[in-house]
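A.B. asks: Residues in the sequence shown are numbered from 110 upward in steps of one, following my numbering.
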Amino acid sequence: MITPSQKKTFEDQGFVILPGLFNAHEVAELRDHFMELRKEPRPGDFNGVDPASDDPLIKYPRMIHMHRWDERSLQWLIDARLRDAMKALLGEEPFAVQTMLYYKPAGARGQALHQDQFYLRAQPGTCIAAWMALDDCDEENGCMQLVPGTHELPVLCTVPADTKTSFTDVTVPLPEGMSPVPARMDAGDVLFFSGSVIHGSFPNTSQDRFRRSLIGHYVTGNATQVANYFHPALRMDGTVVELETSEGGGACGAWVSVDGKPSIEMREPSDADLLVAHE
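#1: Pick out the complete alpha helix (DSSP H) segments inside the region 181-220, 4 residues or longer, and give them in chain order.
#2: With DSSP as the reference, please indicate the residues paired to His308 in a beta bridge.
#3: So what does DSSP say about Met172, is it helix, strand or coil?
#4: On the DSSP bridge list, what partners appear for Ala239?
#5: Note down, in chain order, each residue of its chain lying with its Cβ closer than 7 Å to the Cβ of Asp154, except the 5 sequence neighbours on either side.
#6: Hey, quick one: how far does the beta strand (DSSP E) through Lys128 stretch, first residue to last?
#7: What does Ile111 pair with, by DSSP beta-bridge criteria?
#8: According to the Cβ coordinates, are His223 and Thr280 closer than 8 Å?
#9: Return the first residue and the last residue of the beta strand (DSSP E) that Cys361 is part of.
#10: State buried or exposed for Ser305, treating a residue as buried only when at least 16 other CB atoms are found within 10 Å of its CB.
#11: Use the C-beta contact count for Asp225: other C-beta atoms within 10 angstroms, 16 or more gives buried, fewer gives exposed.
#12: Would the beta-carbon of Gln316 fall within 8 Å of that of Ala221?
#13: I'd like to check one pair, Val206 with Phe301: are the Cβ atoms closer than 8 Å?
#14: Quick one, which of Ser372, Pro284 and Pro263 has its alpha-carbon nearest Pro233's?
#15: Do you know offhand how far Ala381's Cα is from Asp271's?
#16: Report buried or exposed for Met110, applying the criterion of at least 16 other Cβ atoms within 10 angstroms of its Cβ.
#17: Using 10 angstroms around the beta-carbon of Leu384, count the other beta-carbons present and answer buried if the total reaches 16, otherwise exposed.
Shown next, in the form of structure tokens:
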């Protein structure tokens with residue numbers, strides 16, 4: 110399933126796209142399934158659902174931890190194709206800890222650049238995401254944007270984000286010369302990326318296109334701790350594995366200039382909230 114070239118891309122850049130991992134029929138079934146679920150309030154909805162709202166993200170708010178109450182979501186989270194891909198990329202099976210569904214309709218804000226490990230706090234090791242496109246996605250409808258090579262960075266200190274373009278209010282800054290690249294994907298493609306990879310998305314500027322995505326978050330198989338919000342963890346056969354609860358906080362990295370080049374300096378973080386919304 111994973112070619113030597115794909116594995117090298119993941120090792121060098123921290124992310125890789127596997128095209129066509131799920132077929133058109135499966136994608137259509139999942140898309141219809143989640144559109145039907147979104148018609149009613151669901152566990153984990155923070156703001157409810159308001160079809161009359163002017164904010165597209167309140168008309169179609171994301172869903173979180175669907176696998177805890179929806180069998181279809183659970184079966185996708187532990188699908189053998191995702192398991193085998195991550196085992197090939199990581200050298201071991203991961204533990205599954207979260208599902209998310211982003212609808213991102215036309216006009217919706219994106220999410221400022223961030224790192225998933227900031228939220229999951231997997232220890233030792235890190236987290237990994239499987240991000241599946243349920244619609245074709247590109248720059249117009251707000252595809253994922255990732256910064257190559259940032260998987261080797263520590264968790265960075267956050268700064269305020271522009272909430273006019275992002276639905277979250279913190280971000281991580283990038284030094285000059287470092288910028289994200291778009292992940293253009295067809296429906297059914299799956300993007301795998303490591304927990305320290307800096308990523309996010311820009312607003313959906315299309316007139317009528319969704320950018321729906323189904324996301325699984327995992328921790329590496331050597332992890333013994335994960336943040337409290339992500340318990341219980343599951344083996345890839347669906348059985349529960351007991352992990353300890355990791356604490357938030359600790360030193361974070363900040364960009365400084367050393368001999369005119371960007372470098373990371375570890376320092377104590379500010380009082381940034383540990384948000385639970387991340388792509």
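All residues carry an ideal CB built from backbone N, CA and C; glycine is no exception.
Everything numeric in this text was worked out from a predicted model, so none of it was measured.
C.D. replies: Quick look at the numbers:
#1: 189-199
#2: Here residue 308 corresponds to residue number 199 of the sequence shown, with the count starting at 1. Paired residue(s): His223 and Leu255.
#3: In the sequence shown, the residue the question calls residue 172 occupies position 63. It is a strand residue.
#4: For this step, residue 239 is matched to residue 130 along the sequence shown. Ala239 is bridged to Phe301 and Gly325.
#5: As a working mapping, residue 154 is identified with position 45 in the sequence shown. Once the five neighbours on either side are set aside, the close Cβ partners of Asp154 are Pro170.
#6: Stepping through the sequence shown from its first residue, residue 128 is reached at position 19. According to the sequence displayed, residue 128 carries Pro and not Lys. Pro128 -> no beta strand (DSSP E), and no H or E assigned at all.
#7: The sequence position of residue 111 within the sequence shown is 2, counting from 1. Per DSSP, none; premise fails for Ile111.
#8: Here residue 223 refers to the residue found at position 114 when the sequence shown is read from its first residue. Here residue 280 refers to the residue found at position 171 when the sequence shown is read from its first residue. Yes, the Cβ-Cβ distance between His223 and Thr280 is below 8 Å.
#9: As a working note, residue 361 is residue 252 in the sequence shown. Counting along the chain, the beta strand (DSSP E) containing Cys361 begins and ends at Cys361 to Val367.
#10: In the sequence shown, residue 305 corresponds to position 196, counting from 1. With 16 or more other Cβ atoms within 10 Å, it is buried.
#11: Your numbering for residue 225 matches position 116 in the sequence shown. Burial call: buried.
#12: Residue 316 sits at position 207 when you count from the first residue of the sequence shown. Residue 221 sits at position 112 when you count from the first residue of the sequence shown. No; because the gap between Cβ atoms is not below 8 Å, this pair is not in contact.
#13: Position 192 of the sequence shown, counted from the start, is the residue given in the question as residue 301. Position 97 of the sequence shown, counted from the start, is the residue given in the question as residue 206. Cβ atoms of Phe301 and Val206: not closer than 8 Å.
#14: As a position in the sequence shown, residue 233 is number 124, starting the count at 1. That would be Pro263, whose Cα lies nearest to the Cα of Pro233.
#15: Here residue 381 corresponds to residue number 272 of the sequence shown, with the count starting at 1. Here residue 271 corresponds to residue number 162 of the sequence shown, with the count starting at 1. Any reading at Ala381 needs caution, since the residue's pLDDT is 43, under 50, leaving its predicted position unreliable; the model's value is listed next. For Ala381 and Asp271, the distance between alpha carbons rounds to 15 Å.
#16: Translated into positions along the sequence shown, residue 110 becomes position 1. Label assigned to Met110: exposed.
#17: As a working note, residue 384 is residue 275 in the sequence shown. Only weak support exists for where Leu384 lies, its pLDDT of 41 falling under 50; the coordinates are left without a value.
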